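In the numbering used here, the protein residues as written are 10 to 83.
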């Protein structure tokens, strides 16, 4: 058996099974309940540098004016 045929047979059978097992393992690891905090932290990355609002409706609120200014510019 030449090298190409051996590698082709290996890739078509065992290596495919190994990659599928890796795919399943990565999916299970990503959605494991212990990974919840890491997923939430990664999901919040785009919002880390936004101005925080106090929740009050002040007339001269810096966060509120920045948002309105961004809407007017954009």
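By construction, the Cβ of each residue, glycine as well, lies at the ideal position given by its N, Cα and C atoms.
These numbers were taken from a predicted model, which means no experiment stands behind them.
As assigned by DSSP and simplified to three states, the class of residue i
{"i": "residue 50", "result": "helix"}
{"i": "residue 11", "result": "coil"}
{"i": "residue 21", "result": "helix"}
{"i": "residue 41", "result": "coil"}
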